[in-house]
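Notes for the one structure printed next.
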Amino acid sequence: QGGSARLRQAMAVAQHHDAVTGTSKQHVANDYARQLAAGWERCQVLVSNALASLGGSKEDFVFCNLLNISVCPLTQTASQFQAVLYNPLAWSITWTVRLPVSDWAYHVRSPSGQTVPSEVIDVSAERSKNFHPELIFPASAPPLGFSIYSVTRLPSKTPRFRDCCAVPVAQS
Amino acid sequence: SHTLVIQNEHLRVTFNPNTGLLQEIENLDQGLRLPVSQTFYWYNASTGDFTHPQASGAYIFRPDKTKPFLLSHWVKTRLVKKALVQEVHQNFSAWCSQVVRLYPGQRHVELEWTVGPVPVGDGWGKEIISRFDSQLKTNGRFYTDSNGREILERRRDYRPTWDLNQTEPVAGNYYPVSSRLYITDGQVQLTVLTDRSQGGSSLSDGSLELMVHRRLLLDDNRGVGEALLEPGDEPGVGLVVRGRHLVLLDTVEAAAARHRLQAQREALAPQLVLAPAGKGTPYSPG
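Chains as they are written, first to last, in the numbering used here: chain X, 1 to 172; chain U, 1001 to 1286.
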């Protein structure tokens, strides 16, 4: 069972000036984080239930909370997956989806089954020996609605991005 | 030796070939071109002295000098130019980097910074800022929002309701930035949207700065009773923060419509949910 009450409470607590500006004692900051994480966990169930109800299919929905640091175990291991984009705005949007992946070629299909242009780029840090590919594709979602994109890994290609795009180090 | 440029149908962003730093933003729709540099600096946190014992801490921002230290005179850069994204990766130091990014159709420049862990082994608390410098004649004025609602005019070394005796030239001009900060010369407006509440200011005409991270060694004696260090921070590793600044260059007339809509897109950003393919089972609420 999901619910939004716990996240609502955590968000209410986080309106305190100590939470907004970071002036709390450290153990209080830890508690803010704990409450928000617990609230979001319940909300994930709620969102999953809503998507299952609206989409007519119950899936093992995954919320990758570490996308901002390019970590998502599902997209980095699965050969096929779905990306559901929910738009909370009252007008339609186009958004660039970025997902960490493990290979260099993917096929992305729109909700209508059409091929969507996609690219994989390397986002690894300078001097890093490991490649960190990220899949990029544009996705649209209707007002207050969602769209489902299907992603399939293709037979691997050799990455050539380093050679083609590296530029001389700037020096002064 | 060659100028780095990223460009889409609306914007062109140029980087200095010698330093690798942002050098110019051009709004191609409006024909506006603004030389603007952006880089990171840090203020040395005050530890207080005999006459003014106030130290910089959780509540109090009090640098011990008015001029911040430049983090790096030049950056290592890497250009990624593809059809769906153009990025310049800038490496300022071992603990500060940034990606300047343009997607097709986008009317703002996205600066995604990663800062930390801030080193404090030298015994100096540090407050890190991202600063934009331009030639805009802003007459001591800049604008910050109030919780994403009303935009308020801020004037350097001035308060609208009393005669100010400015004793803190940096901190005394810092204001809360909930979602945006901008400067204008009456014709051109440079706006920076933030993804979180930060402190910001314009300490000289044409300049904008936002504090992105801070790591301090002393408590400011205002009640919290702790320095801004992480738990178990002996000897400590420090936190890494990653955030985004969205930079818009526009005419004054067009700027508000652009930054307000973009701010809504940020505040109500799409939620991405993933699922393994082909494992679904038919479902109906009944």
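Note that the Cβ used here is the ideal one computed from N, Cα and C, for glycine as well.
Q.
Considering only their Cβ atoms, is the gap separating isoleucine 148(X) from glutamine 82(X) smaller than 7 angstroms?
A. Locating residue 82(X) in the first sequence gives position 82, counting from the first residue. Locating residue 148(X) in the first sequence gives position 148, counting from the first residue. Contact flag set, yes.
Q: For glycine 1280(U), return the contacting residues in chain X, with the cut-off set at a CB-CB distance below 7 angstroms.
A: Along the second sequence, read from residue 1 onward, the residue named residue 1280(U) stands at position 280. What glycine 1280(U) touches in chain X: Ser57, Lys58 and Glu59.
Q: Report the three-state DSSP secondary structure of histidine 1089(U) (helix, strand or coil).
A: Counting from 1 along the second sequence, the entry for residue 1089(U) is found at position 89. It is a strand residue.
Q: Please confirm if lysine 1082(U) has its CB atom under 7 angstroms from at least one CB of chain X.
A: Working through the second sequence from its first residue, we reach residue 1082(U) at position 82. So, interface residue.
Q | Exposure of serine 92(X), with buried meaning 16 or more beta-carbon neighbours within 10 Å | A | One-based indexing of the first sequence puts residue 92(X) at position 92. Around the beta-carbon of serine 92(X), fewer than 16 other beta-carbon atoms lie within 10 Å, marking it exposed.
(Q) Please confirm whether phenylalanine 81(X) has its beta-carbon closer than 7 angstroms to some beta-carbon of chain U. (A) Working through the first sequence from its first residue, we reach residue 81(X) at position 81. Among the CB atoms of chain U, one or more fall inside 7 angstroms of the CB of phenylalanine 81(X).
Q | Of the residues Asn68(X), Pro117(X) and Pro155(X), the one placed nearest aspartate 103(X), counting alpha carbons only | A | By one-based count along the first sequence, residue 103(X) stands at place 103. It is Pro155(X).
Q: Identify every run of the beta strand (DSSP E) within the region 1013-1088 of chain U, keeping only runs that are complete inside it and at least 3 residues long; order them along the chain.
A: You should have 1022-1027, 1032-1044 and 1076-1081.
Q. What did DSSP end up calling lysine 1170(U) once you bin it into helix, strand or coil?
A. Against the second sequence, residue 1170(U) aligns to sequence position 170. One point to set straight first is that residue 1170(U) is valine, not lysine, in the sequence displayed. Coil.
(Q) Going by DSSP, what residue range makes up the alpha helix (DSSP H) through alanine 78(X)? (A) Counted from its first residue, the first sequence places residue 78(X) at position 78. Annotation for alanine 78(X): no alpha helix (DSSP H) segment contains it, and DSSP assigns it neither H nor E.
**Q.** Beta-bridge pairing of proline 133(X) - partner residues as DSSP gives them
**A.** As a working mapping, residue 133(X) is identified with position 133 in the first sequence. In DSSP, proline 133(X) forms a bridge with Asp122(X).
Q: Compare the C-beta of tyrosine 1043(U) with all C-beta atoms of chain X and state if any pair is closer than 7 angstroms.
A: On the second sequence, residue 1043(U) is found 43 positions in, with the first residue counted as 1. With 7 angstroms as the cut-off, tyrosine 1043(U) does not count as an interface residue toward chain X.
Q: Decide if lysine 1279(U) is buried, meaning its Cβ has at least 16 other Cβ atoms within 10 Å, or exposed.
A: Your numbering for residue 1279(U) matches position 279 in the second sequence. Classification of lysine 1279(U): exposed, given that the 10 Å Cβ count is below 16.
Q.
So if I threshold CB-CB distances at 7 angstroms, which residues from the region 103-127 of chain X count as touching chain U?
A. If you check each beta-carbon in the region 103-127 of chain X against every beta-carbon of chain U, the ones closer than 7 angstroms belong to Pro117, Glu119, Ile121 and Glu126.
Q) When you compare only the Cα positions, how much space is there between histidine 1073(U) and asparagine 1016(U)? A) Translated into positions along the second sequence, residue 1073(U) becomes position 73. Translated into positions along the second sequence, residue 1016(U) becomes position 16. One C-alpha to the other measures close to 11 angstroms.
Q | Buried versus exposed, by CB contacts within 10 Å (16 or more), proline 143(X) | A | If you number the first sequence from 1, residue 143(X) lands on position 143. Around the beta-carbon of proline 143(X), fewer than 16 other beta-carbon atoms lie within 10 Å, marking it exposed.
Q) Within 7 angstroms (strictly less), CB to CB, does alanine 14(X) reach chain C? A) No chain C appears in the structure shown, which is made up of the protein chains X and U.
Q.
Against chain U, does alanine 52(X) count as a neighbour if the rule is that its beta carbon must be under 7 angstroms from one of theirs?
A. The residue labelled residue 52(X) in the question sits at position 52 within the first sequence. Interface residue, yes.
Q) leucine 1193(U) CB to nearest chain X CB: under 7 angstroms? A) Within the second sequence, residue 1193(U) is the residue found at index 193, counting from 1. False, the Cβ-Cβ gap to chain X never drops below 7 angstroms.
Q.
Is it buried or exposed, arginine 1180(U), if we count other Cβ atoms within 10 angstroms and call 16 or more buried?
A. In the second sequence, residue 1180(U) corresponds to position 180, counting from 1. In summary, arginine 1180(U) is buried, with 16 or more beta-carbon neighbours lying within 10 Å of its beta-carbon over all protein chains present.
Q) Is the Cβ of threonine 77(X) closer than 7 angstroms to any Cβ of chain U? A) Counting from 1 along the first sequence, the entry for residue 77(X) is found at position 77. No, no contact with chain U.
Q) Taking Cβ-Cβ distances shorter than 9 angstroms, what residues in chain U pair up with proline 138(X)? A) In the first sequence, residue 138(X) corresponds to position 138, counting from 1. For proline 138(X), the residues of chain U that pass the 9 angstroms Cβ criterion are Leu1084, Tyr1103, Pro1104 and Gly1105, in the order they occur in the chain.
Q.
Does any residue of chain U have a CB that is nearer than 7 angstroms to the CB of tyrosine 149(X)?
A. Locating residue 149(X) in the first sequence gives position 149, counting from the first residue. It does not; no Cβ of chain U falls within 7 angstroms.
Q: Identify each residue in the region 22-46 of chain X for which the Cβ-Cβ distance to at least one residue of chain U is less than 8 angstroms, and report them in chain order.
A: Cβ contacts with chain U come from Gly22, Thr23, Ser24, Lys25, Gln26, His27 and Asn30.
(Q) Does tryptophan 40(X) come out as helix, strand or coil in the three-state DSSP assignment? (A) Position 40 of the first sequence holds residue 40(X). Helix at tryptophan 40(X).
Q: With DSSP collapsed to three states, give me the class of histidine 17(X).
A: Residue mapping note: residue 17(X) aligns to position 17 of the first sequence, counting from 1. Histidine 17(X): helix per DSSP, three-state reduction.
Q) Looking at the unbroken alpha helix (DSSP H) that takes in lysine 1252(U), where does it start and where does it end? A) As a first step, residue 1252(U) must be located in the second sequence, where it is residue number 252. The sequence given here places valine at residue 1252(U); lysine does not occur at that position. Where valine 1252(U) is concerned, the enclosing alpha helix (DSSP H) stretches over 1252-1267.
Q: Taking only beta-carbon positions, decide if leucine 205(X) is within less than 7 angstroms of chain U.
A: A query on residue 205(X) cannot be resolved here, the shown segment of chain X reaching from 1 to 172 and no further.
Q) In terms of alpha-carbon separation, which member of Leu1216(U), Ser1056(U), Val1212(U) and Thr1077(U) lies closest to valine 1120(U)? A) Sequence index remark: in the second sequence, residue 1120(U) carries index 120 (1-based). Per the Cα distances, Leu1216(U).
Q: With a threshold of 16 other CB atoms inside 10 Å of the CB of tryptophan 1113(U), please say whether the residue is buried or exposed.
A: Walking along the second sequence from the start, residue 1113(U) turns up at place 113. With 16 or more other Cβ atoms from the protein chains shown falling within 10 Å of its own Cβ, tryptophan 1113(U) counts as buried.
Q | 8 angstroms Cβ cut-off: residues of chain X touching glutamine 1038(U) | A | Position 38 of the second sequence, counted from the first residue, corresponds to residue 1038(U). Those within 8 angstroms of glutamine 1038(U) in chain X number zero; the least Cβ separation is about 15 angstroms.
**Q.** Best match in Ser1178(U), Tyr1059(U), Gln1054(U) and Gly1200(U) for proximity to glutamate 1150(U) [C-alpha to C-alpha]
**A.** Here residue 1150(U) is taken as the residue at index 150 of the second sequence, counted from 1. Checked all of Ser1178(U), Tyr1059(U), Gln1054(U) and Gly1200(U); the closest Cα to glutamate 1150(U) is Ser1178(U).
Q. If contact means a Cβ-Cβ distance below 8 angstroms, which residues of the region 1130-1154 of chain U contact chain X?
A. Listed by position along the chain: nothing, the set is empty.
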